[in-house]
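Peer 1: One structure, as structure tokens, below. Some questions next.
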Amino acid sequence: MEKNRESGVVMETKVREILDRYPEGRTENLIPVLQDIQETDGYLSEESVLEVSRHLKMPASKIYGVATFYNQFRFAPLGKYHVQICCGTACHVLGASTVLEEIEKNIGVKSGETTKDGLFSMEVVACIGACGLAPVISINGNFHAKVTGESIKEILDNYRNQE
Amino acid sequence: MSFLINVNNKNIEARDGETILDAMKREGIQVPTLCYIKDRFPSGSCRMCVVENTKNGRLVTACSTPVEEGMNIQTHSPRVIESRKTIVELLLSNHPDDCLYCVRNRNCELQDLSEELQVRERRIKGEKNTIHLDRSGASIVRDPEKCILCGRCVRICEEVMGVACIDFIDRGSKSFIGTAFDKSINTSSCVNCGQCIMVCPTGALTEKSHFTELISMLNNPEKTVIVQYAPSISVSLAEEFGMPPGVDINNIMNAALRKIGFKYVFDTTFAADLTIMEEAAELIDRVKNGGTLPMITSCCPGWVKFSEQFYPDMLPNLSTCKSPQQMLGAVVKSHWASEKGVNPENIYSVSVMPCTAKKFEAQREEMTSMGLSDVDAVLTTRELGQLIRMYGIDIKQLAPETTDSPLGYRSSAGKLFGASGGVMEAAIRTAYHMLTGEELVRFKIEPLRGMKGCKEASIEVNGLKLNVAVVNGLANARILLDSVNRGEKDIHFIEVMACPGGCINGGGQHIGASEDAVMARMKALYDIDEKETVKVSHRNPDIIKLYETFLGKPLGDKSHKLLHTNYLKRDVLL
Numbered sequence: 064m065e066k067n068r069e070s071g072v073v074m075e076t077k078v079r080e081i082l083d084r085y086p087e088g089r090t091e092n093l094i095p096v097l098q099d100i101q102e103t104d105g106y107l108s109e110e111s112v113l114e115v116s117r118h119l120k121m122p123a124s125k126i127y128g129v130a131t132f133y134n135q136f137r138f139a140p141l142g143k144y145h146v147q148i149c150c151g152t153a154c155h156v157l158g159a160s161t162v163l164e165e166i167e168k169n170i171g172v173k174s175g176e177t178t179k180d181g182l183f184s185m186e187v188v189a190c191i192g193a194c195g196l197a198p199v200i201s202i203n204g205n206f207h208a209k210v211t212g213e214s215i216k217e218i219l220d221n222y223r224n225q226e
Numbered sequence: 011m012s013f014l015i016n017v018n019n020k021n022i023e024a025r026d027g028e029t030i031l032d033a034m035k036r037e038g039i040q041v042p043t044l045c046y047i048k049d050r051f052p053s054g055s056c057r058m059c060v061v062e063n064t065k066n067g068r069l070v071t072a073c074s075t076p077v078e079e080g081m082n083i084q085t086h087s088p089r090v091i092e093s094r095k096t097i098v099e100l101l102l103s104n105h106p107d108d109c110l111y112c113v114r115n116r117n118c119e120l121q122d123l124s125e126e127l128q129v130r131e132r133r134i135k136g137e138k139n140t141i142h143l144d145r146s147g148a149s150i151v152r153d154p155e156k157c158i159l160c161g162r163c164v165r166i167c168e169e170v171m172g173v174a175c176i177d178f179i180d181r182g183s184k185s186f187i188g189t190a191f192d193k194s195i196n197t198s199s200c201v202n203c204g205q206c207i208m209v210c211p212t213g214a215l216t217e218k219s220h221f222t223e224l225i226s227m228l229n230n231p232e233k234t235v236i237v238q239y240a241p242s243i244s245v246s247l248a249e250e251f252g253m254p255p256g257v258d259i260n261n262i263m264n265a266a267l268r269k270i271g272f273k274y275v276f277d278t279t280f281a282a283d284l285t286i287m288e289e290a291a292e293l294i295d296r297v298k299n300g301g302t303l304p305m306i307t308s309c310c311p312g313w314v315k316f317s318e319q320f321y322p323d324m325l326p327n328l329s330t331c332k333s334p335q336q337m338l339g340a341v342v343k344s345h346w347a348s349e350k351g352v353n354p355e356n357i358y359s360v361s362v363m364p365c366t367a368k369k370f371e372a373q374r375e376e377m378t379s380m381g382l383s384d385v386d387a388v389l390t391t392r393e394l395g396q397l398i399r400m401y402g403i404d405i406k407q408l409a410p411e412t413t414d415s416p417l418g419y420r421s422s423a424g425k426l427f428g429a430s431g432g433v434m435e436a437a438i439r440t441a442y443h444m445l446t447g448e449e450l451v452r453f454k455i456e457p458l459r460g461m462k463g464c465k466e467a468s469i470e471v472n473g474l475k476l477n478v479a480v481v482n483g484l485a486n487a488r489i490l491l492d493s494v495n496r497g498e499k500d501i502h503f504i505e506v507m508a509c510p511g512g513c514i515n516g517g518g519q520h521i522g523a524s525e526d527a528v529m530a531r532m533k534a535l536y537d538i539d540e541k542e543t544v545k546v547s548h549r550n551p552d553i554i555k556l557y558e559t560f561l562g563k564p565l566g567d568k569s570h571k572l573l574h575t576n577y578l579k580r581d582v583l584l
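Read top to bottom, the protein sequences are chains A and B. All the letters of the first sequence, read from the start, carry residue numbers 64 to 226 under the numbering used here. All the letters of the second sequence, read from the start, carry residue numbers 11 to 584 under the numbering used here.
If you want it as structure tokens, here you go:
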């Protein structure tokens, strides 16, 4: 908890730094601004969206509307282990949806969400260019190939056991 | 430049730059629309208004396609009808279909379209959305299940009201309308104006009802249930019963309210006169003693919340006067209660308002004294219509009755409150008298009348030039206030009404009224002012008596305690 609060303070100044790079009131910069913030923070917090709203002079509802339209933006901080599951064509054909279901069941959150203990976050992504390994998932950049509904449990447990 | 286009095998005139729909409307050719809002840039998203351009065989949206010379349009070809029907079937595919239980039953555009296009079976079954009902607001209930995503509420909220508390969230089949971070509406920047309800084609947006409590109070022998109604109700209620717009049924309404069981019937317009006494005195005080100017009216609760959120720096500019609804409520539970020997705790004070934001205002903490709300329940014009029907009252059979006095007599100046510019006009009449001891030669201040969004005038009083401005539609208020803040305008007094045209077009009024209907209501108020003799608030005998017997003088101690308040910056998600 203590750690989270600390990172919250750091985050605010970072958002300010990002916003300073963009002129006030220029709404056409919305998406790059949000991308920069997500790049730094890993997600869009309520505070940062409100900060963007003040800077670009744009209602928060509009920003939230735009940000939820695109898959790339998330509103929960990344977990310690960020699971990206590929649902591109090859992975889909080879059973990614079963894997996805199993992950959802196993960690108890859906795409874009983070577990309450902050251990796992999950995201469905389009093709990550490793069709030969389908169905493929990436956890913190480490690829796991030919994942099945069975093997995924083991993979996730391995990460859990590292704690 | 104008040219001819052919619609349904008939040549009609079309003007360069207009849409097919514009041209057809002028000729009285009708096509159904859903997302279309008059005088707003078309979004073309619902596709309901498709017509066939037989020249190229294409289906195009009439609302967003510009006319072209030589166009050949069919509005009801088999293809067109089939497309429209499919659109309605798709909209119905995830609709709850609980019309019998819906507030908008028999007054629903989706229902009408479904009937018009003879949808007789559920051909397409869609996944229902499971977004929760939002009852958190004091005024507005959102039921996203019934939403067909036409987007009219989103656009009215942003473009006309300048609030933008809602938008489309998510994408594709998951889309829904919600506030920032999909929070409850009570934490959002919603100002409760209810203009979204006025444009909602279905029952997805409705007012929060106080019916259950009201009816139990009406049947509680220990309670004295009193009612007041706003200036604009008498000229708009008739439409709820199919009568033409602008018919004044004031005294019939008094009879109906008594039949329902309200023990005392008061007219909020009396309190409008009281507001004018206080507000005119406040204006003079500010001008003479270097108070904060421009002074801005505060009788519109939508505007008050708007200013608390968006213009907190201008809160000192707001008049400290409570709104007429709250003033009457406060007088009833104090002076009137003690005169009548009724315990204020046993008074249930109801108001009928053209407004949903009044529901919010009535439950504000500032609007209480000694732990009691000034007003306990607020009904909209629509709800009063429902109540009258529920009690089986045939308003055509009622003999007219007068209001209860005191607190019932009104001037025609107070009646003007119902139209944009009316508060200003009434205030000027009384301020002039307070300053000069004389009456204005001409009471009517033409430049402040009518539906225009921003109106300005200058009035000479004893060599003092008073600049005044009137705005309606909160987006217009933004424009004016920003220019005042930039120092571009020298204005002493501003009237703001949230709804376009003022209370006659409030969010609690009859749904589906045309612009002409709204103008007819406005004209009805002007006609009352034209033909009645007491045209100024300070000549209202009940007002004079109230000051003599109870309040003393405007801005006096008692007024200060009962009739004035202050507002604070409000933190919401902007």
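Where is the CB? At the ideal position from N, CA and C, for every residue including glycine.
By the 10 Å Cβ neighbour count, where 16 or more other Cβ atoms means buried, how is residue 288/B classified, buried or exposed?
Peer 2: Locating residue 288/B in the second sequence gives position 278, where the first residue counts as 1. Counting Cβ neighbours within 10 Å, residue 288/B comes out buried, since at least 16 surround it.
Peer 1: Who are the neighbours of residue 122/A on chain B, taking C-beta pairs under 7 angstroms?
Peer 2: As a position in the first sequence, residue 122/A is number 59, starting the count at 1. Those are 174, 584, listed as they occur along chain B.
Peer 1: Counting only Cβ-Cβ distances shorter than 9 angstroms, please list the residues of the region 86–115 of chain A near chain B, keeping chain order.
Peer 2: 109, 112, 113
Peer 1: Round the Cβ separation of residue 125/A and residue 174/B to the nearest angstrom and send it over; I've been treating them as touching at under 8 angstroms.
Peer 2: If you number the first sequence from 1, residue 125/A lands on position 62. If you number the second sequence from 1, residue 174/B lands on position 164. Contact flag correct, Cβ pair sits at about 6 angstroms.
Peer 1: Among residues of its own chain, excluding the 5 on either side of residue 66/A, which ones have a beta-carbon nearer than 7 angstroms to its beta-carbon?
Peer 2: Position 3 of the first sequence, counted from the start, is the residue given in the question as residue 66/A. Its pLDDT being 38, under 50, residue 66/A is placed unreliably by the model, and the measurement read from it follows with that caveat. Excluding residues up to 5 positions away in sequence, nothing lies with its Cβ nearer than 7 angstroms to the Cβ of residue 66/A in the same chain.
Peer 1: On the DSSP bridge list, what partners appear for residue 147/A?
Peer 2: Working through the first sequence from its first residue, we reach residue 147/A at position 84. Looking at the DSSP assignment, residue 147/A forms a beta bridge with 186/A, 201/A.
Peer 1: Within 10 angstroms of the Cβ of residue 317/B, are there 16 or more other Cβ atoms? Answer buried if so, exposed if not.
Peer 2: Taking the second sequence and counting its residues from 1, one reaches residue 317/B at position 307. Residue 317/B should be labelled buried.
Peer 1: Using 8 angstroms for Cβ pairs, my map puts residue 477/B next to residue 445/B. What's the rounded Cβ distance?
Peer 2: Within the second sequence, residue 477/B is the residue found at index 467, counting from 1. Within the second sequence, residue 445/B is the residue found at index 435, counting from 1. Not really, about 15 angstroms apart at Cβ, beyond 8 angstroms.
Peer 1: If you drop the 5 nearest sequence neighbours on each side, which residues of the same chain put their C-beta closer than 7 angstroms to that of residue 331/B?
Peer 2: Here residue 331/B refers to the residue found at position 321 when the second sequence is read from its first residue. Result list for residue 331/B: 285, 288, 289, 292, 308, 573, 574, in chain order.
Peer 1: Does the contact criterion of 3 or more C-beta pairs under 8 angstroms hold for the region 201–221 of chain A versus the region 42–49 of chain B?
Peer 2: no
Peer 1: By the criterion of Cβ-Cβ separation under 9 angstroms, what are the contact partners of residue 181/B in chain A?
Peer 2: Here residue 181/B refers to the residue found at position 171 of the second sequence. Near residue 181/B (Cβ distances below 9 angstroms), the residues of chain A are 131, 132, 133, 134.
Peer 1: Output needed for residue 550/B: all residues of its chain with C-beta closer than 8 angstroms, excluding positions within five of it in sequence on either side, in chain order.
Peer 2: To locate residue 550/B, count along the second sequence from 1; it is residue 540. Answer for residue 550/B: 280, 283, 419, 420, 421, 424, 544, listed in chain order.
Peer 1: Let me check one thing: in DSSP terms, what residues is residue 277/B bridge-paired to?
Peer 2: Against the second sequence, residue 277/B aligns to sequence position 267. BP columns for residue 277/B point to 239/B.
Peer 1: Could you give the distance in angstroms between the alpha-carbon of residue 117/B and the alpha-carbon of residue 159/B?
Peer 2: The count along the second sequence starts at 1 and reaches residue 117/B at position 107. The count along the second sequence starts at 1 and reaches residue 159/B at position 149. Each residue's Cα considered, the two are about 18 angstroms apart.
Peer 1: Rounding to the nearest angstrom, what Cα-Cα distance links residue 581/B and residue 199/B in this structure?
Peer 2: Taking the first residue of the second sequence as position 1, residue 581/B is located at position 571. Taking the first residue of the second sequence as position 1, residue 199/B is located at position 189. Cα to Cα, residue 581/B sits roughly 9 angstroms from residue 199/B.
Peer 1: Based on DSSP bridge pairs, tell me the residues matched to residue 498/B.
Peer 2: Numbered from 1 along the second sequence, position 488 holds the residue referred to as residue 498/B. Bridge partners of residue 498/B: none, in fact.
Peer 1: Give me, in chain order, the residues of the same chain whose beta-carbon lies closer than 8 angstroms to that of residue 373/B; leave out the 5 immediate sequence neighbours on both sides.
Peer 2: Counting from one through the second sequence, the residue named residue 373/B turns up at place 363. These residues qualify, in order along the chain: 148, 383.
Peer 1: Does any residue of chain A bring its CB to less than 9 angstroms from the CB of residue 168/B?
Peer 2: Within the second sequence, the letter at position 158 stands for residue 168/B. By this cut-off, residue 168/B is an interface position.
Peer 1: Do we get a CB-CB distance below 9 angstroms when we pair residue 117/A with the residues of chain B?
Peer 2: Taking the first sequence and counting its residues from 1, one reaches residue 117/A at position 54. At least one chain B Cβ lies under 9 angstroms of residue 117/A.
Peer 1: I'd like to check one pair, residue 189/B with residue 176/B: are the Cβ atoms closer than 9 angstroms?
Peer 2: Here the question's residue 176/B lines up with position 166 in the second sequence. Here the question's residue 189/B lines up with position 179 in the second sequence. The answer is yes: Cβ separation under 9 angstroms.
Peer 1: Below 7 angstroms on C-beta distance, what does residue 125/A contact in chain B?
Peer 2: In the first sequence, counting from the first residue as 1, residue 125/A sits at position 62. Chain B residues near residue 125/A: 174, 177.
Peer 1: In the DSSP output, what is residue 77/B paired with across the bridge?
Peer 2: Position 67 of the second sequence, counted from the first residue, corresponds to residue 77/B. Paired residues: none, contrary to the question.
Peer 1: By the three-class DSSP mapping on this structure, what secondary structure does residue 36/B have?
Peer 2: Numbered from 1 along the second sequence, position 26 holds the residue referred to as residue 36/B. Residue 36/B: helix per DSSP, three-state reduction.
Peer 1: Please compile the residues from chain A whose C-beta is within a distance smaller than 9 angstroms of the C-beta of residue 190/B.
Peer 2: Taking the second sequence and counting its residues from 1, one reaches residue 190/B at position 180. Within chain A, the residues near residue 190/B are 109, 112, 113, 116, 122, 123, 124, 125, 126, 127, 128.
Peer 1: Let me know the alpha helix (DSSP H) ranges lying completely inside the region 119–170 of chain A, each 4 residues or longer, listed in chain order.
Peer 2: 123–132, 152–156, 159–170
Peer 1: In whole angstroms, what separates the C-alpha of residue 155/B from that of residue 167/A?
Peer 2: What you label residue 155/B is simply residue 145 of the second sequence in a count that begins at 1. What you label residue 167/A is simply residue 104 of the first sequence in a count that begins at 1. Straight-line Cα distance between these residues: approximately 26 angstroms.
Peer 1: Closest to residue 416/B by C-alpha separation, out of 357/B, 221/B, 74/B, 347/B, would be which residue?
Peer 2: Here the question's residue 416/B lines up with position 406 in the second sequence. When the alpha-carbon of residue 416/B is set against those of 357/B, 221/B, 74/B, 347/B, the nearest one is in 347/B.
Peer 1: Does the beta-carbon of residue 11/B have 16 or more other beta-carbons within 10 angstroms, so that it is buried, or is it exposed?
Peer 2: Counting from one through the second sequence, the residue named residue 11/B turns up at place 1. By the neighbour-count rule (16 or more Cβ atoms within 10 Å), residue 11/B is not buried but exposed.
Peer 1: Measure how close the beta-carbons of residue 170/B and residue 205/B come, nearest whole angstrom, since I'm counting them as under 8 angstroms.
Peer 2: Within the second sequence, numbered from 1, the residue matching residue 170/B stands at position 160. Within the second sequence, numbered from 1, the residue matching residue 205/B stands at position 195. The pair is a contact, with the Cβ atoms about 6 angstroms apart (cut-off 8 angstroms).
Peer 1: Compare the C-beta of residue 198/B against all C-beta atoms of chain A and say whether one is closer than 9 angstroms.
Peer 2: Stepping through the second sequence from its first residue, residue 198/B is reached at position 188. Cβ-Cβ to chain A under 9 angstroms: yes for residue 198/B.
Peer 1: At 3 residues or longer, and completely inside the region 181–209 of chain B: list those beta strand (DSSP E) runs for me, N to C.
Peer 2: If only uninterrupted beta strand (DSSP E) runs of at least 3 residues are considered, those enclosed by the region 181–209 of chain B are 186–188.
Peer 1: Can you tell me whether residue 60/B is helix, strand or coil according to DSSP?
Peer 2: To locate residue 60/B, count along the second sequence from 1; it is residue 50. The answer is strand: DSSP assigns residue 60/B an E or B state.
Peer 1: Would you call the region 102–122 of chain A in contact with the region 78–92 of chain A, where contact means no fewer than 3 C-beta pairs closer than 8 angstroms?
Peer 2: yes
Peer 1: Give me the residue from 29/B, 124/B, 213/B with the minimum Cα distance to residue 95/B.
Peer 2: Locating residue 95/B in the second sequence gives position 85, where the first residue counts as 1. Per the Cα distances, 124/B.
Peer 1: What is the C-beta distance between residue 453/B and residue 305/B, in whole angstroms, given that I count them as a contact (C-beta under 8 angstroms)?
Peer 2: Residue 453/B sits at position 443 when you count from the first residue of the second sequence. Residue 305/B sits at position 295 when you count from the first residue of the second sequence. Contact doesn't hold; Cβ gap of about 21 angstroms is too wide.
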